[in-house]
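Visitor: Using numbering that gives the first Met the number 0, you'd call the opening residue of the sequence shown number 0 and step up by one each time.
Glycine residues also receive a C-beta, built at the ideal position from the N, C-alpha and C atoms.
Supplied in structure tokens, the structure appears directly below.
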Amino acid sequence: MIESSSDGRPRGALTVRVIAMPADTNANGDIFGGWVLSRMDQAGGIAAVERAKGRVVTIAIEAMTFIRPVKVGDVLEVYSQLEKVGRTSMKIHIEAWARRFMTHHHEKVTDANFTFVAIDDTGRPRPIPQERMEA
């Protein structure tokens with residue numbers, strides 16, 4: 000598991016926020032891990048598209064460990080932080096946190112590093128534009 004910020008708060012910017020609904024549960028009433036993973040991939044995709052200035056694809060997800068379950072009524076908050084930019088790929092740290100229904104207690108659910116590749120209209124890797132330095 001990758002650590003959160005040293006003050007126990009999420010790392011990165013709030014990118015996706017969604018409520019967990021009954022249709023997203025397994026037989027035990029917990030939200031499917033795949034549902035959480037999908038929201039994390041969405042958040043990473045948003046951050047990657049903004050940085051790459053265009054189309055991207057997910058190519059890798061480093062190991063995820065689910066720390067706590069997400070329950071119906073919880074608000075899932077997904078945070079993203081750009082970690083590294085290469086020529087055609089980038090690594091984005093993604094954290095999922097649950098804001099618990101009724102209590103509003105905020106706790107980390109899982110995290111992972113996602114790798115995205117910028118692609119062109121034909122689906123081939125393309126260079127990620129350099130960031131311009133402000134004068």
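Identify every run of the alpha helix (DSSP H) within the region 52-107, keeping only runs that are complete inside it and at least 4 residues long; order them along the chain.
Guide: Runs of the alpha helix (DSSP H) inside the region 52-107: none found.
Visitor: Could you give the DSSP three-state label for A42: helix, strand or coil?
Guide: In the structure shown, A42 sits in a helix (DSSP, three-state: H, G or I).
Visitor: In the DSSP assignment, find the unbroken beta strand (DSSP E) run with P30 in it and report its ends.
Guide: Correcting the residue type first, residue 30 is Ile in the shown sequence and not Pro. Careful: I30 lies outside any beta strand (DSSP E) and carries neither H nor E.
Visitor: Among V55, P126, M20, which has the Cα closest to the Cα of F113?
Guide: Closest option to F113, Cα to Cα, is V55.
Visitor: Please list, in chain order, all residues of the same chain as E82 whose beta carbon is under 6 angstroms from its beta carbon, the five residues on each side excluded.
Guide: Taken in chain order, the residues that qualify are K90, H92.
Visitor: Give the straight-line distance between the Cα atoms of T14 and Q41, rounded to the nearest whole angstrom.
Guide: So the alpha carbons of these two residues sit roughly 9 angstroms apart.
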